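Trainee:
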Amino acid sequence: MDRQWMYADRWSKEFIDGVHYFLRVAEANKRNGFICCPCNKCKTQKEYSAFRTIHFHLFESGFMPSYNCWTSHGEQGVEMEEDEAEDENIPDWAQYAGFEGNQMGEVDRDAGDNDAADDLGQMLQDAKEDCESEKEAHKLEQMLEDHRTSLYPGCEQGHKKLDTTLEFLQWKAKNGVSDKAFGDLLKLVKNILPEGNKLPETTYEAKKIVCPLGLEVQKIHACPNNCILYRGEEYENLETCSVCKALRYKIRREDLGKVDGQPTKKRIPAKVIWYFPIIPRLSRLFKNKGNARMMRRHVEERQQDGMLRHPADGSQWQNIDRKFKYFGKDARNIRFGLSTDVMNPFGEMSSGHSTWD
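The sequence shown begins at 318 in my numbering and counts up one residue at a time.
#1: Could you tell me if Y592 is buried or exposed, where buried requires 16 or more neighbouring beta carbons within 10 angstroms of its beta carbon?
#2: Pull up the CB-CB distance for H627 and R639, whole angstroms please, since I reckon it's below 8 Å.
#3: Can you tell me the Cα-Cα spacing of Y338 and R348, whole angstroms?
#4: May I ask you to report which of helix, strand or coil DSSP gives A434?
#5: Grouping DSSP H, G and I as helix and E and B as strand, with all else coil, what is L689?
#6: If the criterion is Cβ atoms closer than 7 Å, does the pair G500 and T519 meet it?
#7: Assuming K504 contacts N514 (C-beta within less than 8 Å), just tell me the rounded distance between them.
#8: Which of the three DSSP states, helix, strand or coil, is assigned to Y384?
#9: Flag this pair as yes or no: are the beta carbons of L483 and V534 separated by less than 7 Å?
#10: For G418, count neighbouring C-beta atoms within 10 Å of its own C-beta (all shown protein chains included) and say buried if the count is 16 or more, exposed if not.
#11: Relative to the alpha-carbon of N357, which residue among F351, L502 and E377 has its alpha-carbon at the smallest distance?
#12: If we call anything under 7 Å between Cβ atoms a contact, is H464 one with G350?
#13: One question on the structure: do H538 and Y547 come within less than 7 Å of each other, judged by their Cβ atoms?
#14: Can you tell me which of the three DSSP states H337 falls into?
#15: Would you list the residues sitting across from V589 in a DSSP beta bridge?
#16: Going by beta-carbon coordinates alone, are C677 and I545 separated by less than 7 Å?
#17: Buried or exposed: L486, going by 16 or more other Cβ atoms within 10 Å of its Cβ?
#18: If we count the other Cβ atoms within 10 Å of its Cβ and call it buried at 16 or more, is A294 buried or exposed?
#19: Assign F641 to one of two classes, buried (16 or more other C-beta atoms within 10 Å of its C-beta) or exposed (fewer than that).
#20: Alpha carbon to alpha carbon, how far is M624 from R610?
#21: Flag this pair as yes or no: are the beta carbons of E617 and A648 separated by less than 7 Å?
#22: Can you give the Cα-Cα distance for G394 and I352, rounded to whole angstroms?
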């Protein structure tokens with residue numbers, strides 16, 4: 318096949334039509350949901366899950382030299398390394414240039430709504446490599462499979478089971494929809510979709526599909542009067558608060574007490590706090606290419622001209638760098654701050670005083 322169009326003017330009709338044809342071939346020969354990018358910068362050394370990223374690259378820098386035989390896109394099936402997530406902030410003109418009439422069969426969605434789905438496959442690949450247990454690896458492998466599974470047989474728009482479920486849950490959270498209403502919506506949409514579709518039918522099923530994405534949480538019993546937390550050797554086995562003597566568990570009217578030293582029913586704590594450990598959250602932030610760059614920005618990209626533009630320009634930040642030199646010289650070092658938003662420090666409902674910090 319004559320492929321001189323690959324090196325023709327990038328805004329000519331033959332180049333635009335040729336790119337559409339190439340993307341159809343590449344889409345049909347995806348490997349694990351990813352496509353190698355043959356642009357003049359990536360040179361098939363990077364791969365992406367969204368064809369629009371590759372479309373943008375090809376119009377921006379053209380095809381790599383001498384790539385007349387598409388060996389990385391089905392003609393010889395060369396397997397590539399997975400080493401980069403999706404490019405971000407792709408301009409609209411490049412996303413849609415030459416796609417008149419929706420020739421690729423792709424639904425035009427708002428780019429901002431798809432950021433999570435675009436990077437999802439790469440994130441799962443990265444997370445799987447760092448799994449500490451076989452159970453976690455199995456969960457992530459199932460998620461990767463869901464990420465590759467079409468929403469329904471013959472889905473030409475490219476909708477996937479995991480991506481669609483995640484978008485539904487994002488919509489639920491954004492609009493404050495109750496679990497019951499969300500479940501009713503899922504049933505309605507599932508009945509509308511073609512037979513054999515993979516859309517979950519209940520809220521529970523939807524959350525179960527994306528559950529490995531959730532952050533670790535520790536539930537800690539607390540005194541109802543906020544005196545103590547029931548944790549650590551001193552407090553974890555107490556039944557009453559050592560300060561105010563309040564009971565740790567709620568009292569049931571029909572509670573029969575203990576039988577053979579064990580409670581007859583599962584007891585409900587009077588108060589529980591949910592603690593999200595910070596290390597897993599930081600680890601996840603640094604696993605995302607875009608977030609990791611922003612987390613290092615105060616070292617790698619901050620303008621340092623003596624002006625106070627960033628907290629890192631302040632004397633307190635610099636004092637920590639001097640005091641803890643090993644920590645300060647690492648570009649990944651970050652600082653935490655506590656803030657209050659309209660806090661009433663006196664607990665008086667009618668008080669007009671509030672604190673901002």
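Built from N, CA and C at the ideal position, the CB exists for glycine as well.
Predicted model only: the values in this text are computed from it and were never measured.
Mentor: Considering the structure as presented:
#1: exposed
#2: About 17 Å separates the two Cβ atoms, so there is no contact after all.
#3: 18 Å
#4: Caution applies to A434, whose pLDDT of 46 falls short of 50 and renders its modelled position unreliable; the value that the coordinates give is listed next. Reduced to three states, the DSSP call for A434 is helix.
#5: Lying outside 318 to 674, the shown extent of the chain, residue 689 is not represented and no answer is given.
#6: yes
#7: Not a contact, Cβ separation roughly 12 Å.
#8: coil
#9: no
#10: With a pLDDT of only 34 at G418, under the threshold of 50, the placement of this residue in the model should not be trusted; the figure read from the coordinates follows. Exposed: under 16 other Cβ atoms inside 10 Å.
#11: E377
#12: yes
#13: yes
#14: helix
#15: H538
#16: There is no way to answer for residue 677, as the model of the chain reaches only from 318 to 674.
#17: buried
#18: Only positions 318 to 674 of the chain appear in this structure, which leaves residue 294 out of reach.
#19: exposed
#20: 22 Å
#21: yes
#22: Confidence at G394 is low in this model, with a pLDDT of 35, below 50, so its placement is unreliable and the value that follows should be read with caution. Approximately 11 Å between the Cα atoms of the pair.
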